[in-house]
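**Student:**
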Amino acid sequence: MPHDHHDHDAPHALLPPDPALRVRALETILTRKGLIDPAAVDAIIDTYARDIGPQNGAAVVARAWTDPGFLGALRQDASAAIAVMGFGGRQGEHVVAVENTPTVHNVVVCTLCSCYPWPLLGIPPAWYKSDAYRARTVREPRRVLAEFGLVLPEETRIRVWDSTAEIRYLVIPMRPAGTEGLSADELARWVTRDAMIGTGLPVRPSA
Amino acid sequence: MTPADAPRFEAPWHAELFAMTVHLNKQGAFSWSDWTAALGESLARARAASGAPLDGGDDYYLAWLDALETLLEQAGTAPGAERRAMRAAWREAYLATPHGAPVTLGASGRDGG
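First to last, the sequence lines map onto chains A and B. Here the numbering used here is used: the first residue of the first sequence is 1, the next is one more, and so on. Here the numbering used here is used: the first residue of the second sequence is 1001, the next is one more, and so on.
(1) Could you check whether the Cβ of phenylalanine 1009(B) sits closer than 8 Å to any Cβ belonging to chain A?
(2) Does DSSP classify proline 176(A) as helix, strand or coil?
(3) Against chain B, with Cβ distances strictly below 8 Å, would leucine 26(A) count as a contact?
(4) Which one of Arg32(A), Gly122(A) and Arg134(A) has the shortest CA to CA distance from arginine 50(A)?
(5) What first and last residue would you give for the alpha helix (DSSP H) that runs through glutamate 99(A)?
(6) Looking at C-alpha atoms only, which residue of Tyr133(A), Pro117(A) and Ala132(A) is the closest neighbour of glycine 212(A)?
(7) Compute the Euclidean distance between the alpha carbons of alanine 1049(B) and glutamate 1041(B), then round it to the nearest angstrom.
(8) The beta strand (DSSP E) with histidine 105(A) in it runs from where to where?
(9) Could you give the distance in angstroms between the alpha-carbon of threonine 1077(B) and the alpha-carbon of methionine 1020(B)?
(10) Name the residue from Trp1064(B), Arg1084(B) and His1099(B) whose alpha carbon lies nearest to the alpha carbon of alanine 25(A).
(11) Less than 8 Å between the C-beta atoms of alanine 62(A) and alanine 165(A), yes or no?
(12) What does the alpha-carbon distance come out to for the pair alanine 58(A) and valine 84(A)?
(13) How would you list, in chain order, the residues of chain B whose beta-carbon sits under 9 Å from the beta-carbon of arginine 157(A)?
(14) Starting from aspartate 1066(B), follow the alpha helix (DSSP H) in both directions and report where the run begins and ends.
(15) Where does tyrosine 116(A) sit, in a helix, a strand or coil, going by DSSP?
(16) Looking only at its own chain, which residues have a Cβ that is under 7 Å from the Cβ of proline 205(A), when we skip the five neighbours before and after it?
(17) What's the C-alpha gap between threonine 31(A) and histidine 1099(B)?
(18) Can you grab the Cα-Cα spacing for the pair asparagine 56(A) / leucine 1095(B), in whole Å?
(19) Going by other Cβ atoms of all chains shown within 10 Å of its Cβ, with 16 needed for buried, is aspartate 1059(B) buried or exposed?
(20) In the DSSP output, which residue or residues are listed as bridge partners for proline 1098(B)?
(21) Can you give the Cα-Cα distance for glutamate 27(A) and leucine 1065(B), rounded to whole angstroms?
(22) Based on the DSSP secondary-structure assignment, which residues constitute the bridge partners of isoleucine 158(A)?
(23) What does the alpha-carbon distance come out to for the pair phenylalanine 148(A) and valine 108(A)?
(24) From the DSSP output, read off the bridge partner residues of valine 171(A).
(25) So, using beta-carbon positions, are isoleucine 45(A) and glutamate 1073(B) closer together than 8 Å?
(26) So what does DSSP say about glutamate 140(A), is it helix, strand or coil?
(27) What are the residues of the region 121-148 of chain A that lie near chain B, defined by any Cβ-Cβ distance shorter than 8 Å?
(28) Drop a sphere of 10 angstroms on the beta-carbon of lysine 129(A), count the other beta-carbons inside from all chains shown, and report buried for 16 or more, exposed for fewer.
(29) Could one say the Cβ of alanine 40(A) lies closer than 8 Å to chain B's Cβ atoms, at least one of them?
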C-alpha cells in the first residue's frame, strides 16, 4: 500500500513530557483493569477547576464573622459546620478552625508533604509545597511571614499548625475594621487564600 | 477571589495525576494516611537526589508520580514492566499521529498495509 506522502511528512502530534506519558500509561493500565473510571477522574478535574477554590473557605470565614451561632458550631466541630455549607472533607479528615486574635496569629504548614484543606481552598500554590516554606515556617515563622509582606508586631504570638493526613487547619482571620455594615457575601470578597493559610490578612476587594 | 487565588494546576498532567490519586483513594485502593506517608518519603528521596530544595512545582508532582507508581507497584496493580511498555506505546502513538488529530493508543499499529 503506497504511503500518503502529505501525511507522512506532516509534523506529528506534540510529544508530551515524559511524566505526562507515565501518567497516561498508569491511567490506561488502571482503566483496563477496571480499577479506575476515566469519567470519574475527569469529573474530579472539572470539580477542582470549576467549583473548588478559596471562595469556599471565604464563605465559611465570612459566615463565621457574621453568624455567632455558626461561629459556635465551627469552634465545636468545624468539619460538621462546614459540611452543612456543602464543603465536605473528601478523605474523612477533620477540619479545625484556628482563630486569629489581637494577640495570636495562626499560620498553617504541612511539613510532611502538602496536606491542605482542599474542599475549602482548592489546590495549594507551589510555594505551599516548596521545601523552603515547609521547612522554614516551623523554624522561623516571623521571618517567613515578613517575606510574604506580613510584618506582625513583636508582641503578637505566632502559632504554627502542622497539617497531617487526619487534620487540616483553616485560619479564621480577624474581621477587618470598618466592615461593620457589610453582608456575608460582601465580606467573603475580602478573604484571600493567603489569609486562610495565615500568610496574609484580609484585603479590601479591588472592584 | 483574586488571580493569585486561582487554582493552580500548572500542567495538565498535574491535574490528571492529582485526580487519579483522589479517585483511587475513594475507590479504596489505599488509605489517605498511606498515601501521605508515601508522598512524604518520595519528597524526601527527591530532595536527597537533587541535592537542592524542591520548589513545589514540577518537581513536587514528579515526586507525587513516583509515590503513586511505588504504591501501585507494591499493590501489584501496575508493575514496572507493564508501565514501561504502556509508556512506550503512548510515546509511539504520539509520534505516529499527525499534528491536530486525536492521539489514540494503537494508532501506530494500524498503518501496516
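Glycine included, every Cβ here is placed at the ideal spot set by N, Cα and C. Keep in mind the model is a prediction, meaning the values are calculated, not measured.
**Tutor:** So, to answer that:
(1) yes
(2) coil
(3) yes
(4) Gly122(A)
(5) No alpha helix (DSSP H) contains glutamate 99(A), which is instead part of the beta strand (DSSP E) from 94-99.
(6) In this structure chain A extends from 1 to 207, so residue 212(A) is not present and cannot be described.
(7) 12 Å
(8) 104-109
(9) 14 Å
(10) Arg1084(B)
(11) no
(12) 15 Å
(13) What arginine 157(A) touches in chain B: nothing, since even the nearest Cβ is about 27 Å away.
(14) 1058-1075
(15) coil
(16) Arg189 and Trp190
(17) 26 Å
(18) 42 Å
(19) buried
(20) His12(A)
(21) 12 Å
(22) His105(A)
(23) 14 Å
(24) Val98(A)
(25) no
(26) coil
(27) Gly122, Ile123, Pro124, Pro125, Ala126, Trp127, Tyr128, Lys129, Ser130, Asp131, Ala132, Tyr133 and Ala135
(28) buried
(29) yes
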